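Trainee:
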Amino acid sequence: MKPLPVSLYTGDVGHMRHHPRRHSLRYRMVSLLTDIDGTARNDRGIAGFAFDRFAPVSQHAADHGRGHGALRDWVRSRLQQNGIDFEPGRIQLLAAPRVLGIVFNPVSVYFCHRADDRLGAVLFEVANFHGGRQVYAFDVPDDTATPLRFACEKTFFVSPFNPVEGEYRFRLDRDEDTLRLGIRHYRDGTCIMGAILQAERQALTTRSLWKAQLAQPLNTLATVGGILFEALRLRLKGLRTYAPRRGSTDTLPRGL
Numbered sequence: 001m002k003p004l005p006v007s008l009y010t011g012d013v014g015h016m017r018h019h020p021r022r023h024s025l026r027y028r029m030v031s032l033l034t035d036i037d038g039t040a041r042n043d044r045g046i047a048g049f050a051f052d053r054f055a056p057v058s059q060h061a062a063d064h065g066r067g068h069g070a071l072r073d074w075v076r077s078r079l080q081q082n083g084i085d086f087e088p089g090r091i092q093l094l095a096a097p098r099v100l101g102i103v104f105n106p107v108s109v110y111f112c113h114r115a116d117d118r119l120g121a122v123l124f125e126v127a128n129f130h131g132g133r134q135v136y137a138f139d140v141p142d143d144t145a146t147p148l149r150f151a152c153e154k155t156f157f158v159s160p161f162n163p164v165e166g167e168y169r170f171r172l173d174r175d176e177d178t179l180r181l182g183i184r185h186y187r188d189g190t191c192i193m194g195a196i197l198q199a200e201r202q203a204l205t206t207r208s209l210w211k212a213q214l215a216q217p218l219n220t221l222a223t224v225g226g227i228l229f230e231a232l233r234l235r236l237k238g239l240r241t242y243a244p245r246r247g248s249t250d251t252l253p254r255g256l
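Under full-length UniProt numbering, think of the first position of the sequence shown as 1, with each following residue one higher.
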């Protein structure tokens, strides 16, 4: 996977809960793939869009990582913390943008490329409704493998209907036109639930941006509203709920 030009992705997110009750949820999603710094982080010529300043649609580095300081330094420290030893070149971030200043990203993906543009690592930044964020980092020894597959222990509270315990399995496939990201949560060898994003890529231009916004005018609010409505339905189905661990990364993004 080589770095791509600044891009807009439109597609569908599907959730399927398998245990202890079957339940599904689907919603539309608009995301951006952009460099986190450098000359490619250029918003000139895209009306109504900006990096790191207010605009009807914008992307802010402060919405990720520690929420302050250079995002590259934070990514580098996360790589080192996970034993991934290379100096990243271009780092690209796939995330939903702010719309009228509002944003919520359940999962953001960092593509960390080597100096020769080969993909060297992938980071998944997971957020919850309690203000917490956690990162799962993986090295990519062979960037020609298709799809990329990763697995790790689940260490972070996300859904009130699942305890922290379990295992995540990630499946990531991306070419120049499409992206497919699947995440499954296993516990005691059983798949509890899964989520999948299937999206199509196009260049980020004034036309493509506003076409996407007209089709999905309240990107973040629609996502959050849909998740909360489905949570109510699950509660009515009698699912047990769990609380986040206070004082941990479940509620403290600065702990990253």
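Every residue gets a Cβ at the ideal spot worked out from N, C-alpha and C, and that includes glycine.
This one's a predicted model, so the numbers in the text were calculated from it and none came from an experiment.
In whole angstroms, give me the CA-to-CA distance for R72 and L236.
Mentor: In the sequence shown, residue 72 corresponds to position 72, counting from 1. In the sequence shown, residue 236 corresponds to position 236, counting from 1. Spanning the two alpha carbons is a distance of roughly 43 angstroms.
Trainee: Tell me the DSSP secondary structure of G14 in three-state form.
Mentor: Against the sequence shown, residue 14 aligns to sequence position 14. Strand, per DSSP.
Trainee: Can you have a look at E125 and say buried or exposed, based on whether 16 or more other CB atoms are within 10 angstroms of its CB?
Mentor: For the purposes of this step, residue 125 is taken as the residue at position 125 of the sequence shown. E125 comes out buried.
Trainee: Within the same chain, show all residues whose beta-carbon is closer than 8 angstroms to that of L239, passing over the 5 residues directly before and after it, in chain order.
Mentor: In the sequence shown, counting from the first residue as 1, residue 239 sits at position 239. The residues are P20, R21, F161.
Trainee: Count the other CB atoms, across all protein chains shown, that sit within 10 Å of the CB of R78; report buried if there are 16 or more and exposed otherwise.
Mentor: As a working mapping, residue 78 is identified with position 78 in the sequence shown. Buried, because 16 or more other Cβ atoms sit within 10 Å of the Cβ of R78.
Trainee: Give the range of the beta strand (DSSP E) segment to which R108 is assigned.
Mentor: Residue numbering aside, residue 108 sits at position 108 when the sequence shown is read from its first letter. Residue identity check: residue 108 is Ser in the sequence provided, not Arg. Here the beta strand (DSSP E) through S108 covers 107-113.
Trainee: Which of helix, strand or coil does DSSP assign to G225?
Mentor: Numbered from 1 along the sequence shown, position 225 holds the residue referred to as residue 225. In the structure shown, G225 sits in a helix (DSSP, three-state: H, G or I).
Trainee: Where E153 and D250 are concerned, what is the direct C-alpha to C-alpha distance, given to the nearest angstrom?
Mentor: Translated into the one-based positions of the sequence shown, residue 153 becomes position 153. Translated into the one-based positions of the sequence shown, residue 250 becomes position 250. Whole-angstrom Cα-Cα distance: 15 angstroms.
Trainee: Run through the region 42-84 for me and flag every whole alpha helix (DSSP H) of 4 or more residues, listed as ranges in chain order.
Mentor: Those alpha helix (DSSP H) runs which fall completely within the region 42-84 and span 4+ residues are 71-81.
Trainee: W74 to V103, Cα distance in whole Å?
Mentor: Along the sequence shown, read from residue 1 onward, the residue named residue 74 stands at position 74. Along the sequence shown, read from residue 1 onward, the residue named residue 103 stands at position 103. Taking the straight line joining both Cα atoms gives about 20 angstroms.
Trainee: With burial defined as no fewer than 16 other Cβ atoms inside 10 Å of the residue's Cβ, what is the status of G132: buried or exposed?
Mentor: The residue labelled residue 132 in the question sits at position 132 within the sequence shown. Looking at its Cβ environment, which holds 16 or more other Cβ atoms inside 10 Å, G132 is buried.
Trainee: Is DSSP giving F86 helix, strand or coil here?
Mentor: Along the sequence shown, one-based indexing puts residue 86 at 86. In this structure, F86 counts as coil in the three-state DSSP scheme.
Trainee: Short check: CB of A203 to CB of S7, under 9 angstroms?
Mentor: One-based indexing of the sequence shown puts residue 203 at position 203. One-based indexing of the sequence shown puts residue 7 at position 7. Closer than 9 angstroms, so yes.
Trainee: Give the single residue among E165, P147, A61, P56 whose Cα lies nearest to the Cα of T190.
Mentor: Here residue 190 refers to the residue found at position 190 when the sequence shown is read from its first residue. Per the Cα distances, E165.
Trainee: Return helix, strand or coil for S208, following the three-state DSSP convention.
Mentor: Locating residue 208 in the sequence shown gives position 208, where the first residue counts as 1. Here S208 sits in helix by DSSP.
Trainee: Helix, strand or coil for L234 per DSSP?
Mentor: Residue mapping note: residue 234 aligns to position 234 of the sequence shown, counting from 1. Looking at L234 - three-state DSSP - the assignment turns out to be helix.
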